[in-house]
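This is the structure in structure tokens:
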């Protein structure tokens with residue numbers, strides 16, 4: 401009789417089976433209810449605007465309009481989704497953004513990451529001015545991006561700019577305040593290709609055909625600025 405008692409392994413398998421059953425119901429139930437609701441609405445709309453004369457299951461002639469209800473429902477869902485992108489999403493994001501921006505400890509990290517991502521691909525787009533920056537040696541140039549056109553907030557004159565130098569295979573980097581004479585715009589490569597070139601460690605090839613008509617050799621650094 402003891403052999404008929406469920407073992408610990410059997411209980412474990414039963415719990416897993418029950419858990420999988422619940423997970424399956426959680427996935428199927430919303431889909432099934434939604435499908436049933438859409439079918440009911442489409443069928444109701446088809447009956448409101450009859451066009452075709454068909455026979456039902458009992459052999460009687462009835463007037464139906466197949467397809468119009470489906471088109472109307474799909475259009476209504478698209479309109480609701482379109483409107484929600486402007487109202488619901490923006491409202492929720494505004495609340496979420498305000499909450500994180502005011503939370504002590506999280507505020508610094510959140511605001512820093514937010515500013516960086518907006519500078520990279522948002523509306524602000526700070527990394528759109530690729531340059532060659534001369535920092536260490538007159539014959540060594542680094543690929544960077546001008547993020548500020550002046551450094552007056554740090555006590556420098558208008559002849560200084562802030563240059564962000566990204567690191568390869570990393571989103572980290574350094575910011576340098578450099579004299580304008582040590583910064584040369586890159587006119588033959590766009591910002592996107594310049595960023596990919598740096599982040600890939602120089603492995604990514606620049607599209608020569610795309611930039612051929614812009615080719616300009618990098619100028620020598622200003623000896624006076626190096627002094």
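Residue numbers (the working numbering): 401 to 627. The beta-carbon is built from N, C-alpha and C at its ideal position, and this holds for glycine as well.
- DSSP places residue 598 in the uninterrupted alpha helix (DSSP H) bounded by 591–599.
- Nearest in C-alpha terms to residue 579, of all of 421, 546 and 593, is 546.
- Residue environment for residue 564: buried (at least 16 other C-beta atoms within 10 angstroms of its C-beta).
- In this chain, residue 535 is not harboured by any beta strand (DSSP E), its DSSP state being neither H nor E.
- Across the set 548, 459, 531 and 461, the C-alpha of 531 shows the shortest separation from the C-alpha of residue 542.
- Close CB contacts of residue 599 within its chain, under the 7 Å cut and outside five residues either way in sequence, are with 566, 568 and 569 (chain order).
- Between residue 527 and residue 602, the alpha-carbon positions lie close to 18 Å from each other.
- For a cut-off of 8 Å, the C-beta gap from residue 577 to residue 594 is around 20 Å, too long to register as a contact.
- Taken through DSSP and simplified to helix, strand or coil, residue 433 comes out as helix.
- A straight-line Cα-Cα distance of about 20 Å links residue 495 and residue 482.
- Counting along the chain, residue 602 sits inside no beta strand (DSSP E), nor does DSSP assign it H or E at all.
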